[in-house]
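Novice: Sharing a structure with you now.
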Amino acid sequence: MKTNKSITTLLATIAFTFISASSSAVTPQEQGLAISKEAKKRDLGWVDSSADMLMLLRNKQGQESIREIKIKSLEIDNDGDKSLTIFNKPRDVKGTAFLSFSHPVGADDQWLYLPALKRVKRISSRNKSGPFMGSEYAFEDLSSFEIEKYTYKYLGEEKLNGLNSFMVEQIPVDENSGYTRRIVWLDDQEYRIQKIDFYDRKNSLLKTLTYVDYKQYLNKYWRANSMQMINHQNGKSTELKWENYAFKSGLKESDFNRNSLKRVR
Amino acid sequence: MQVKKLLKGLTVTSLLIPSLLSKSLQANEFELSGKIAVEQRQFFKSNEYEGQFKRSQASIFIEPELYWNWNDGSDSLTFKPFYRLDEHDDERSHGDIREFSYIHASDDWELRAGIRKEFWGVTEFQHLVDVINQTDSVEDIDGEDKLGQLMLNLSLVRDWGIIDLYVLPGFRERTFGDEKSRLRAPIVIDNDNIEYESSAEEQHVDLVARWSHSLGDIDFGTYWFHGTNRDPIISPSQQGEEIVLQQYYSQMDQFGLDIQMIVDDWLWKFETIYRDTKFENFWATQSGFEYSFIGVFDSAIDVGLLMEYSWDSRGEGNVNEAGANFQNDVFLGSRLAFNDMQSSEVLVGFSSDLDHNAVSFLVEANRRIGENFKASLDIRLFQSTNPIDQLYSLKNDDHAQLTIEWYY
Chain B
894 MKTNKSITTL LATIAFTFIS ASSSAVTPQE QGLAISKEAK KRDLGWVDSS
944 ADMLMLLRNK QGQESIREIK IKSLEIDNDG DKSLTIFNKP RDVKGTAFLS
994 FSHPVGADDQ WLYLPALKRV KRISSRNKSG PFMGSEYAFE DLSSFEIEKY
1044 TYKYLGEEKL NGLNSFMVEQ IPVDENSGYT RRIVWLDDQE YRIQKIDFYD
1094 RKNSLLKTLT YVDYKQYLNK YWRANSMQMI NHQNGKSTEL KWENYAFKSG
1144 LKESDFNRNS LKRVR
Chain L
2 MQVKKLLKGL TVTSLLIPSL LSKSLQANEF ELSGKIAVEQ RQFFKSNEYE
52 GQFKRSQASI FIEPELYWNW NDGSDSLTFK PFYRLDEHDD ERSHGDIREF
102 SYIHASDDWE LRAGIRKEFW GVTEFQHLVD VINQTDSVED IDGEDKLGQL
152 MLNLSLVRDW GIIDLYVLPG FRERTFGDEK SRLRAPIVID NDNIEYESSA
202 EEQHVDLVAR WSHSLGDIDF GTYWFHGTNR DPIISPSQQG EEIVLQQYYS
252 QMDQFGLDIQ MIVDDWLWKF ETIYRDTKFE NFWATQSGFE YSFIGVFDSA
302 IDVGLLMEYS WDSRGEGNVN EAGANFQNDV FLGSRLAFND MQSSEVLVGF
352 SSDLDHNAVS FLVEANRRIG ENFKASLDIR LFQSTNPIDQ LYSLKNDDHA
402 QLTIEWYY
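Residue numbers (this note's numbering), protein chains in the order written: chain B, 894 to 1158; chain L, 2 to 409.
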């Protein structure tokens, strides 16, 4: 197992040495795409997942506000994931739930359940750039990563957190994105995202997202326990802390429909 | 083999009820949440009708929610009582069980039994197709507060949509304020001596079937309702010395359809009903759109523009016939979502009856305070010069309302 892995790593290293050596054959675009595809490939097959997310919002003055959220996701073959987001805190939005069917190309299908009115509202998914729950995360920062959502460019290598990392520029295909580009650092061992720089519509640095404390699940899937988003322009930050990750726990399509949206806690 | 299976099935069924009970006692998960609120209404003008309180109205309300679930959430029980205590209005001081229901969820079906609330519809200014629950109109005049309804609801999930079948045993009468209340008609509506078309009166069992589905960017739902009309016919009646307005509930058959379509930043909305009663049958529609500007002026603020139009085949009322309240009315509104830490929101709305002079204006603003409090400010202004219009009786009832809610 371990030998296998190191052989793969060795082969990958050789491959990339080869790629960078014969750079005339492979364009930075192709290389950026290849790295992103590899990262996506390594994260396929988790079937379903659930996790508890704690959001810590901090403003410039250091005031804090908490969001407590549960997220359930289902991997769909040849399409984007289905996900259900359930709010527990702040208390006034407790029971509010959000159902999303994401698609690699085109708009996602999204419904919001408002428990006070018992109302299920279909909502427009064009609002990608808006803040999620008043945090520094935009809706698009929390949606599933799909290859088709960006075009790519390999920018080089850099040492980050003591790890050799690839730098890949990702340019959103969707014109409703709040970003002109993102620069993503992935470590060359496990292809885990270490850091993302977000550039706003005027192409100036807006936010930096740092992934901390990775843990491996089912011997394959890496998830960061903590994700820190800093907004350089307004001085606010939002930290995400993940707990109780579970994979392949038997979630079904029936856990992701309008009925379950109204019932879920 | 088959006999064995059948026996097994029977055993499971016979074990189900006691095990349900015992399991609910040793539930996997129990949650207590809810809210307590204080509310202050301030009317800008003194009372118009005799007996009404003058200007200021304070009240408090409590709405706890107890929730149990077991079997990994596939069985759950919810209990949500509500009680409001009002300074003046004895009818507004009232309690209700908003919810006391059991849900069993299976892969492609769900059974919901008990007192519940069900909302249907897509528009914002009038809720035409929403028919299951009676309006708790002493709470507010927007018709969004509802009384709990006893029901048995089987929900079937299919590839071609969700089918909901309802049996509704028992009917709830609409709540109306007493003589002291404001936001009422010149004559008080009698909450006793209510009459029904059905000899079963409030024991009539209503039936509903609804089909709802999503197809691409379109969501729709359609239903047939057979049972007691939630809207009472109100007519003057002599009660001893006094003249009061008496409530009469007819039987009705109602077809309803609601459609919402997303086209880029536009949400197109349409609701229609056809109602057939002993006295009248009519069509009514509510249609319009909501357009969203995301992040205006490089800020995090979203601005939504709303426009809706109401039409009703009964037309405008006159001396002989009551007509419809919303028969040729236009609604304009704007919703501001600040997307800040406190989730601040403001809704401004304006409505006008195009057949005669009657306009109303509303502002609803709310934001979170700290982690567990929420403050809401509502302002409503009414203007009408036509005695036939419903707003006419409220023309002196312009008011502001401040509510502080504590969530736990």
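For every residue, glycine included, the Cβ atom is placed at its ideal position computed from N, Cα and C. As the structure is a computational prediction, the values presented were derived from the model and not from experiment.
1) Take every Cβ of the stretch 1128 to 1142 of chain B, pair it with every Cβ of the stretch 1036 to 1046 of chain B, and state whether three or more of those distances are shorter than 8 Å.
2) Given Asn29/L, which residues of its chain have a CB within under 6 Å of its CB, disregarding the five upstream and five downstream residues?
3) When the cut-off is 7 Å and only beta carbons count, does Asn1118/B lie next to chain L?
4) Secondary structure at Gln922/B, three-state DSSP: helix, strand or coil?
5) Buried or exposed for Ser1153/B, going by 16 or more other Cβ atoms inside 10 Å?
6) Who pairs with His95/L in a beta bridge, going by DSSP?
7) Once DSSP output is grouped into helix, strand and coil, what is the label at Val297/L?
8) Determine the closest residue to Asn1118/B out of Tyr1104/B, Phe994/B and His1125/B, with distance taken between C-alpha atoms.
9) With respect to the alpha helix (DSSP H) encompassing Ser1153/B, which residues constitute its N-terminal and C-terminal limits?
10) Between Thr273/L, Gly228/L and Phe383/L, which lies nearest to Phe45/L when the distance is taken from Cα to Cα?
11) Please state if the CB of Glu1062/B and the CB of Lys1052/B are separated by a distance shorter than 7 Å.
12) Find out if the Cβ-Cβ distance for the pair Ser958/B, Leu950/B is shorter than 7 Å.
13) Under the rule that 16 or more other beta-carbon atoms within 10 Å means buried, what is Val1157/B, buried or exposed?
14) Please report the residue range of the beta strand (DSSP E) in which Asp313/L lies.
15) Quick one, are the C-beta atoms of Glu309/L and Phe120/L less than 7 Å apart?
16) For Leu395/L, count neighbouring C-beta atoms within 10 Å of its own C-beta (all shown protein chains included) and say buried if the count is 16 or more, exposed if not.
17) Contact between the stretch 169 to 178 of chain L and the stretch 202 to 213 of chain L: three or more CB pairs below 8 Å?
18) Below 8 Å, how does it come out for the stretch 72 to 92 of chain L and the stretch 176 to 192 of chain L: are there three or more Cβ pairs, yes or no?
19) So Phe226/L packs on Val132/L, CB below 8 Å; how close in whole Å?
20) Check Phe1032/B in the structure and name its three-state DSSP category.
21) Starting from Glu66/L, follow the beta strand (DSSP E) in both directions and report where the run begins and ends.
22) Considering only residues of the same chain and omitting the five flanking positions on each side of Ser77/L, which have a CB-CB separation below 6 Å?
23) Between Thr1103/B and the ligand GDP, is the CB less than 6 Å from at least one heavy atom?
24) Using a Cβ-Cβ cutoff of less than 8 Å, which residues in the same chain neighbour Gln1087/B once the five nearest sequence positions on both sides are dropped?
25) Let me confirm a value: Leu920/B is counted as buried when at least 16 other C-beta atoms fall within 10 Å, else exposed. Which label applies?
26) If I'm right that Ile235/L touches Ile190/L with Cβ under 8 Å, what's the distance once you round it to whole angstroms?
27) Measuring alpha carbon to alpha carbon, tell me which residue in Ser1097/B, Asp945/B and Glu931/B is nearest His1125/B.
28) Using the Cα positions of Gly324/L and Arg315/L, report the straight-line distance between them to the nearest angstrom.
29) In the DSSP assignment, the beta strand (DSSP E) including Gly350/L goes from what residue to what residue?
30) Can you check whether the CB of Leu1005/B is closer than 7 Å to the CB of Ile1016/B?
31) Under the rule that 16 or more other beta-carbon atoms within 10 Å means buried, what is Leu26/L, buried or exposed?
32) Closer than 7 Å, Cβ to Cβ, to anything on chain B: give me those residues from the stretch 310 to 342 of chain L, in chain order.
33) Alpha carbon to alpha carbon, how far is His214/L from Asp220/L?
34) Can you say whether Phe298/L is buried or exposed, counting buried as having 16 or more other CB atoms within 10 angstroms of its CB?
35) Confirm, please, whether the CB-CB distance from Ile116/L to Leu151/L is below 7 Å.
36) Give the residues from the stretch 297 to 308 of chain L that approach chain B closer than 7 Å (Cβ to any Cβ), ordered along the chain.
Specialist: According to the data block:
1) When C-beta atoms of the stretch 1128 to 1142 of chain B are compared with those of the stretch 1036 to 1046 of chain B, fewer than three pairs fall below 8 Å, so the two segments do not count as touching.
2) If we look at Asn29/L and ignore the five residues flanking it on each side, its Cβ neighbours are Trp71.
3) Output row for Asn1118/B: interface = no.
4) Taken through DSSP and simplified to helix, strand or coil, Gln922/B comes out as helix.
5) Flag for Ser1153/B reads buried.
6) Per DSSP, Arg85/L.
7) Assigned with DSSP and collapsed to three states, Val297/L falls in helix.
8) Sorting Tyr1104/B, Phe994/B and His1125/B by C-alpha distance to the C-alpha of Asn1118/B places Tyr1104/B at the top.
9) Segment Arg1151 to Arg1156, the alpha helix (DSSP H) holding Ser1153/B.
10) Closest by alpha carbon: Phe383/L.
11) Not closer than 7 Å, so no.
12) Yes, the pair counts as a contact, with Cβ atoms nearer than the cut-off.
13) By the beta-carbon neighbour count (other beta carbons within 10 angstroms, threshold 16), Val1157/B is buried.
14) Here the beta strand (DSSP E) through Asp313/L covers Asp303 to Asp313.
15) A distance of 7 Å or more separates the beta carbons of Glu309/L and Phe120/L.
16) Buried, since its Cβ has 16 or more Cβ neighbours within 10 Å.
17) Proximity of the stretch 169 to 178 of chain L to the stretch 202 to 213 of chain L meets the contact definition, three or more beta-carbon pairs being nearer than 8 Å.
18) Contact between the stretch 72 to 92 of chain L and the stretch 176 to 192 of chain L is present: three or more C-beta pairs spanning the two stretches fall below 8 Å.
19) That belief holds up - the Cβ atoms of Phe226/L and Val132/L are roughly 5 Å apart, short of 8 Å.
20) Three-state result, Phe1032/B: helix.
21) Per DSSP, Glu66/L belongs to the beta strand (DSSP E) from Ser57 to Trp71.
22) Short of 6 Å from the beta carbon of Ser77/L, and not among the five residues preceding or following it, lie these beta carbons of its own chain, in chain order: Asn70 and Ile104.
23) By its list of ligands, the structure shown contains no ligand whatsoever, and the ligand GDP lies outside what it can speak to.
24) Contacts found: Leu1053, Asn1054, Leu1056, Ser1058, Trp1078, Leu1079, Asp1080, Thr1103 and Tyr1104.
25) Per the sequence presented here, residue 920/B reads as Thr, with Leu not at that position. Per the 10 Å Cβ criterion, exposed.
26) Yes, Ile235/L and Ile190/L are in contact; Cβ-Cβ is about 6 Å, under 8 Å.
27) With respect to the C-alpha of His1125/B, the residue from Ser1097/B, Asp945/B and Glu931/B having the closest C-alpha is Ser1097/B.
28) Their backbone Cα atoms lie some 6 Å apart in a straight line.
29) Note, Gly350/L: beta strand (DSSP E), Glu346 to Asp354.
30) In contact: Ile1016/B and Leu1005/B (Cβ atoms closer than 7 Å).
31) The pLDDT assigned to Leu26/L is 49, lower than 50, so where the model puts this residue is not dependable; a value taken from the coordinates is nonetheless given after this. Within a 10 Å sphere around the beta-carbon of Leu26/L sit fewer than 16 other beta-carbons, which makes this residue exposed.
32) Using a CB distance below 7 Å, the part of the stretch 310 to 342 of chain L facing chain B consists of Asn340, Asp341 and Met342, ordered along the chain.
33) Approximately 6 Å, taken between the alpha carbons.
34) Burial state of Phe298/L is exposed, judged by a 10 Å Cβ sphere holding fewer than 16 other Cβ atoms.
35) Their beta carbons are under 7 Å apart, which means Leu151/L touches Ile116/L by this criterion.
36) Of all residues in the stretch 297 to 308 of chain L, only Ala301 and Asp303 place a beta-carbon less than 7 Å from a beta-carbon of chain B.
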